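Since the structure comes first, as structure tokens, the remarks are kept for the end.
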Amino acid sequence: MSERTVITLQEVVKVVHAGYRCPDQTCSAHRRTYRSSRADALALPSFTFGLDVVLLVGRLPLGHHQTLDETHRQVLSHLAPLGVSISRREVLYLFDAYCTLLRVGTNAKEDEDWQEQVKQNGGIIVSMDGIQPDKGNETIYLVCDALSGRVLSAANVTFSGIAMLKEILAVLDDYALGMQTALHFDGLLPFAYPGLASAEAFEEVSTSLEQVEKKGGY
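Read in order, the letters of the sequence shown correspond to residues 2 to 219 in the numbering used here.
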């Protein structure tokens with residue numbers, strides 16, 4: 002069990018996160034550890050500042066051409082109502098994390114330790130999280146393995162739609178083929194599309210997606 006404080010743009014949250022396993026020794030998934038994908042989506046591992054803060058730090062210099070000092074001042078103004086501050090050095094650190102997110106998927110495919118963990122878990126349960134773009138602002142969509150918490154893919158987009166979701170999720174095809182394993186989608190879309198079933202978002206992704214089930218949008 003882990004405890005940490007996460008600072009988002011809206012609130013300061015104390016997160017108590019406990020993974021768990023089936024206590025039945027005869028269960029085929031006894032060695033699989035289940036994690037909270039919602040807790041993982043709040044912030045990157047070992048980060049105090051939330052994913053939305055990382056997104057803001059990345060968007061201001063790249064999307065609005067702000068300098069480091071301008072970015073620092075604007076992030077400070079967002080956090081001030083919460084009674085929280087952030088150092089200039091921390092802003093640099095978060096910007097580096099933003100850039101790393103955009104290339105992290107390639108590293109996962111080459112991580113032999115993670116691939117071994119996937120085999121022990123019996124596959125991957127895929128979760129997808131992101132912030133819906135507003136008025137053209139950029140956002141990051143993260144595709145993760147909910148069992149290990151590993152980020153599989155990250156995409157920086159300026160608009161959202163079914164076609165964009167398909168493009169982001171298509172990276173799962175490479176994982177299934179390269180690792181010869183089945184993928185399980187947890188069905189939680191980053192936000193609801195009226196009349197859209199999860200299966201529609203996956204119709205151009207390989208049939209190696211073993212199970213598609215809609216649990217709802219948020």
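Every residue, glycine too, gets a C-beta built ideally from N, C-alpha and C.
A quick note: this is a predicted structure, and the numbers were derived from the prediction, not measured.
TODO: Could you pull out every residue in the same chain whose Cβ sits closer than 6 Å to the Cβ of H31, ignoring the five residues on either side in sequence?
DONE: C23
Open item on the list: Please classify A44 as buried or exposed, where buried requires at least 16 neighbouring CB atoms within 10 angstroms.
Closed with: buried
Task: Cutoff 6 Å; reference V7; Cβ partners in own chain excluding five residues on either side - done: V14, V16, L43, A44 and G51
Open item on the list: Considering only heavy atoms of the ligand SAM, does any lie closer than 7 Å to the CB of R32?
Closed with: As for the ligand SAM, it is missing from this structure, which has no ligand bound.
- [ ] Leaving aside the five residues before and after N122 along the sequence, list all residues of the same chain whose C-beta is less than 6 Å from its C-beta, in chain order.
- [x] R33 and L148
Open item on the list: Quick check on this structure: which residue in R60, H66, R5 and E113 has the alpha carbon closest to the alpha carbon of Y99?
Closed with: R60
Open item on the list: So the candidates are A164, Y35 and M165; which of them puts its Cα closest to the Cα of G20?
Closed with: Y35
Task: Which of helix, strand or coil DSSP assigns to A147 - done: coil
TODO: Within 10 angstroms of the Cβ of H65, are there 16 or more other Cβ atoms? Answer buried if so, exposed if not.
DONE: exposed
Task: CB-CB length for R151 against W115, believed under 8 Å - done: 6 Å
Open item on the list: According to DSSP, is D130 part of a helix, a strand, or is it coil?
Closed with: strand
Open item on the list: Between which two residues does the beta strand (DSSP E) holding S3 run?
Closed with: S3 to I8
Task: First through last residue of the beta strand (DSSP E) which encompasses V14 - done: V13 to H18
Open item on the list: Just to confirm my understanding: we take S3, look at its own chain, exclude 5 residues before and 5 after, and list those with CB closer than 7 Å. What are they?
Closed with: H18
TODO: Return the residue from the list P62, S29, A40 and E113 that minimises the CA-CA distance to F96.
DONE: P62
- [ ] Use the C-beta contact count for D146: other C-beta atoms within 10 angstroms, 16 or more gives buried, fewer gives exposed.
- [x] buried
Task: Uninterrupted alpha helix (DSSP H) stretches inside the segment 60–107 (no shorter than 4 residues) - done: 69–80 and 89–102
Task: Separation of V85 from D135, as counted between CA atoms - done: Bear in mind that a pLDDT of 48 at D135, under 50, signals an unreliable position, so the number given afterwards is only what the model happens to contain. Approximately 25 Å between the Cα atoms of the pair.
Task: Beta-carbon spacing of H235, V92 below 8 Å - done: In the structure as shown, the chain starts at 2 and stops at 219, and residue 235 therefore has no counterpart that could be examined.
Task: D25 burial status per 10 Å Cβ neighbour count (16 or more: buried) - done: exposed
Open item on the list: For A81, count the other beta carbons within 10 Å of its own beta carbon; 16 or more makes it buried, fewer makes it exposed. Which is it?
Closed with: exposed
Open item on the list: Tell me the rounded alpha-carbon separation between L69 and R5.
Closed with: 28 Å
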